Amino acid sequence: NYVVGIDLGGTKIAAALFDSKGDILDRARMDTADARTAQEVVQRMVDMIHTVAQGYPLSGVGLASPGAVNSKDGIVLHGTNLPEWENVPLKKWMGEALGVDVQVVNDANAAAWGEYVRGAGKGAENMVYVTFSTGIGAGIVLDSKLLLGTSSFAGELGHAIIDPNGPACICGNSGCWEMFASGTAIRDTAMKLMQTRPSLIASLAESGNEAVSAKHVFEAHKQNDPVAVEVIGRAIRYMALGLANAVHTFNPDRIVIGGGVSKAGDQLFPSLIAQTERFVMKPYRGTYEIVPAGLKDDVGLIGAAALFQN
Ligand code: ADP
Ligand code: ZN
Numbered sequence: 001n002y003v004v005g006i007d008l009g010g011t012k013i014a015a016a017l018f019d020s021k022g023d024i025l026d027r028a029r030m031d032t033a034d035a036r037t038a039q040e041v042v043q044r045m046v047d048m049i050h051t052v053a054q055g056y057p058l059s060g061v062g063l064a065s066p067g068a069v070n071s072k073d074g075i076v077l078h079g080t081n082l083p084e085w086e087n088v089p090l091k092k093w094m095g096e097a098l099g100v101d102v103q104v105v106n107d108a109n110a111a112a113w114g115e116y117v118r119g120a121g122k123g124a125e126n127m128v129y130v131t132f133s134t135g136i137g138a139g140i141v142l143d144s145k146l147l148l149g150t151s152s153f154a155g156e157l158g159h160a161i162i163d164p165n166g167p168a169c170i171c172g173n174s175g176c177w178e179m180f181a182s183g184t185a186i187r188d189t190a191m192k193l194m195q196t197r198p199s200l201i202a203s204l205a206e207s208g209n210e211a212v213s214a215k216h217v218f219e220a221h222k223q224n225d226p227v228a229v230e231v232i233g234r235a236i237r238y239m240a241l242g243l244a245n246a247v248h249t250f251n252p253d254r255i256v257i258g259g260g261v262s263k264a265g266d267q268l269f270p271s272l273i274a275q276t277e278r279f280v281m282k283p284y285r286g287t288y289e290i291v292p293a294g295l296k297d298d299v300g301l302i303g304a305a306a307l308f309q310n
């Protein structure tokens, strides 16, 4: 059976045709920005699907969408980074245009499912997937099933409130986990300390002709820059604290870590593993492993397609 997976993003849309083994046979890509309305984006996705799947009998289309998604009815309720995406009935529109079953999931859930079926989550039974990126995304697989919940909003760990007196979050609350442990939080904390203390971070960003980001903080950390050491130490402590909460909530056998910040590799994982183990209660110790994600940029569309191939 052949399935198309689509990763709908604020800047680009990527589509790929998969065979039953999960191998990619063909792919297509387009910019989101030059399509104005949701109808226009849908029409272009339909065209992309016709292009990549030409000559193949399709058994389904899996779609990963940012924002709040009602997976049961296949409706994008509110598309973060997709202006004017409110209550878009993707499953209905695309199903009618294509004559196949269409499944829609939130992008973090798609990525979680992708890692579970084809990536670093393979063989696990209960998996927590966390992406440390601009924000923090997460998806949960329990008893080998993607956890969706009543409104298919389950797994929003990034907005777990860990300090009600913490910084204001875009979600309207204060002190969400992503305000302490995301790439943005790492950058913001570093910028604040750099106002009063000398640091390599600014010159590293400058020499790359880039705005300061978490990546530069990790680069400075490699050179033992005191500000970077402090900021990364604090960030990893908060990352670990959140993972420990997830261990207590879901009792996973595996935690898969993705997102841009996970590219820090050895600067991150040994310390994150040790600190999480320190935060978790005794009975949970040694019951789970923390591993880097196995899939790269394609994780969203791989997961979306794999909704039909579990
Ligand atoms: P997005 O949030 O748009 O999906 P990413 O998953 O790439 O993007 O995450 C972006 C974050 O990852 C930024 O905070 C960036 O500074 C950080 N980042 C990118 N590369 C690295 C790296 N090599 N080491 C640490 N952090 C990184
Ligand atoms: Zn929040």
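Per this note's numbering, the sequence shown starts with residue 1, numbered consecutively.
We put the beta carbon where it would ideally sit given N, CA and C, even for glycine.
On a predicted model such as this, the values are computed, not experimentally measured, just so you know.
Item	Value
Since GLN223 sits in a beta bridge, which residues does DSSP pair it with?	None, per the DSSP bridge assignment.
With DSSP as the reference, please indicate the residues paired to ASP188 in a beta bridge.	None; ASP188 has no bridge partner.
Considering only the alpha carbon of each residue, which of VAL117, LEU241, ASP266 lies closest to ASP163?	LEU241
Buried or exposed: where does SER203 fall if 16 or more other Cβ atoms within 10 Å of its Cβ makes it buried?	exposed
Does ligand 1 have a heavy atom nearer than 8 Å to the CB of VAL261?	yes
Let's test the definition: count the other Cβ atoms within 10 Å of the Cβ of ALA14 and tell me whether it reaches 16, buried, or not, exposed.	buried
Exposed or buried, what is PRO57 when buried is set at 16 or more other beta-carbons lying within 10 Å of its beta-carbon?	exposed
Are the Cβ atoms of HIS248 and MET194 separated by less than 9 Å?	no
Do ARG118 and GLY294 have their C-beta atoms within less than 9 Å of each other?	yes
Would you say the beta carbon of HIS159 is closer than 8 Å to some non-hydrogen atom of ligand 2?	yes
Per DSSP, what kind of secondary structure is MET179 in: helix, strand or coil?	helix
Are ALA304 and GLY114 close, meaning C-beta to C-beta below 9 Å?	yes
In three-state terms, what does DSSP make of GLY55?	coil
Please tell me whether, using a cut-off of 8 Å, the distance from the CB of THR32 to the nearest non-hydrogen atom of ligand 1 is below it.	no
Please tell me whether, using a cut-off of 8 Å, the distance from the CB of GLY119 to the nearest non-hydrogen atom of ligand 1 is below it.	no
Relative to the C-alpha of TYR284, which residue among LEU268, ASN251, SER271, GLU206 is closest?	ASN251
Should ARG254 be labelled buried (16 or more other beta-carbon atoms within 10 Å of its own) or exposed?	buried
For ASN87, count neighbouring Cβ atoms within 10 angstroms of its own Cβ and tell me buried if that reaches 16, exposed if not.	exposed
For the alpha helix (DSSP H) containing GLN275, name the first residue and the last one.	269-279
Kindly indicate which three-state DSSP category THR249 falls into: helix, strand or coil?	helix
For the candidate residues ILE290, VAL52, GLY208, whose alpha-carbon lies nearest to that of LEU272?	ILE290
Three-state secondary structure (DSSP) at ARG27?	strand
Taking the straight line between their C-alpha atoms, what separation do you get for ALA264 and GLY258?	11 Å
Pull up the CB-CB distance for ALA181 and MET239, whole angstroms please, since I reckon it's below 8 Å.	4 Å
Measure how close the beta-carbons of ALA16 and LEU301 come, nearest whole angstrom, since I'm counting them as under 8 Å.	5 Å
Which term fits ILE170, buried or exposed, when burial requires 16 or more other beta carbons within 10 angstroms of its beta carbon?	exposed
Could you give the DSSP three-state label for PHE153: helix, strand or coil?	coil
What three-state label does DSSP hand TYR2 in the structure shown?	strand
Just to confirm before moving on: does the CB-CB distance between ALA246 and VAL212 stay below 9 Å?	no
For a test of your reading of the model: does the CB of LYS12 fall under 8 Å from any non-hydrogen atom of ligand 1? Yes or no.	no
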